[in-house]
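Chemist: Pasting in a structure now, in structure tokens, and then I'll have a few things to ask.
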Amino acid sequence: MSKWAIVTGASSGIGAAFSPLLAAKGYNLILVARRRERLQALQEQLVKDYKIEARVHVADLTDPEAPKNLLDSIEHPIDVLVNNAGFGKAGEASAIPVEDQLKMIDLNIRALTALTLTFLPKMRERGSGCILNVGSVVGFVSVPYMSVYAATKAYVLSFSEALDHETRPHGVRVQVLCPGSTQSEFYDVAQSGDKKIDRPDSVMMTSEQVAKIGVNMIGGGSSTKVAGFMNRLVSFIPRLLPRRLMTFISGRFTPAAPSK
Ligand SMILES: NC(=O)c1ccc[n+]([C@@H]2O[C@H](COP(=O)([O-])OP(=O)(O)OC[C@H]3O[C@@H](n4cnc5c(N)ncnc54)[C@H](OP(=O)(O)O)[C@@H]3O)[C@@H](O)[C@H]2O)c1
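With the numbering used here applied, the sequence shown covers 449 to 708.
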């Protein structure tokens with residue numbers, strides 16, 4: 449019986465890295481993002497290398513109709529949904545256009561929630577399936593100069609953990625992978641105005657490393673996994689410090705801080 453997985457944000461970074469790893473495990477794939485050429489190139493590569501079926505679904509997931517359109521376009525049961533598409537905008541909140549900040553909420557929260565709740569009922573009926581939501585280590589703490597982005601990832605963490613508690617007894621999992629700084633197009637997109645966010649590759653994990661941790665956690669015991677030892681440490685520290693102090697520290701050290 450063939451297995452099918454959906455990867456959102458498959459045109460670059462972590463989502464692009466998820467796809468061959470899932471293909472290697474025998475999943476047929478539905479690749480979702482806005483950039484058609486990138487998805488088609490990945491599709492061709494996957495079909496050639498892994499002899500799987502791969503489909504391209506071009507969509508702007510901030511369109512409220514997008515989750516239903518995706519569901520309607522699929523004939524197979526979905527075994528794994530990787531809700532990876534997301535972006536952040538860095539800078540002082542008052543200086544970033546309101547529309548950009550609301551788009552973050554539309555994609556990171558609204559689309560992720562809609563896709564989860566669109567595919568969950570069928571998984572629940574079948575008594576199997578896994579939704580892997582991509583959160584972030586910033587979901588554990590408030591982050592000045594990335595305030596809206598960090599808040600969207602706090603939502604992803606809270607939503608996924610609560611849902612996993614509901615669905616686990618019924619054979620369905622809703623898990624959350626929390627990467628820290630990762631080499632991808634993320635920081636290019638996060639940049640507001642001319643100020644480049646300087647993040648040396650040496651302090652970042654690669655998208656492949658992060659995706660590997662994600663693929664290995666699918667269906668396993670953990671509801672939540674932080675990618676990498678240093679990031680696990682970073683996600684643990686907020687449990688020990690007063691929230692105001694933690695916010696001060698994250699505001700000083702975030703790569704988006706104005707002093708950087
Ligand atoms: N890189 C990091 O440091 C880091 C750290 C923690 C968490 N994360 C999370 O990891 C996930 C993947 O990010 P990444 O680092 O791989 O960044 P990335 O390279 O910029 O990839 C983002 C992906 O999301 C897709 N996307 C963006 N807007 C979309 C929209 N409106 N509709 C559909 N797809 C859209 C992009 O494709 P198109 O542009 O083709 O649509 C792209 O495939 C995100 O949820 C991000 O928040 C990243």
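Using N, Cα and C, we set each Cβ at its ideal position, and we do this for glycine too. The structure displayed is predicted, hence computed values, not measured ones.
Which value, in whole angstroms, describes the spacing of the CA atoms of F535 and R574?
Modeler: Cα to Cα, the separation comes out at about 32 Å.
Chemist: Anyone know if the C-beta pair for D612 and Q623 falls short of 8 Å?
Modeler: Yes, the pair counts as a contact, with Cβ atoms nearer than the cut-off.
Chemist: Would you kindly report the start and end of the unbroken alpha helix (DSSP H) that includes G463?
Modeler: 461–472
Chemist: Closest to P690 by CA distance: which of S590, T672, A638 is it?
Modeler: S590
Chemist: On the three-pair Cβ rule with 8 Å, is the region 669–688 touching the region 577–589?
Modeler: yes
Chemist: Tell me, which residues are paired with I478 by DSSP?
Modeler: I454, R503
Chemist: Is A502 near N532, with beta carbons less than 8 Å apart?
Modeler: No, these two residues do not count as a Cβ contact at 8 Å.
Chemist: Is any beta-carbon of chain C found at less than 8 Å from that of E523?
Modeler: Absent from the structure is chain C; it holds one protein chain and no more.
Chemist: Output yes or no for whether 8 Å exceeds the beta carbon distance between T630 and S655.
Modeler: yes
Chemist: Going by the DSSP bridge assignment, what does M653 pair with across the sheet?
Modeler: T630
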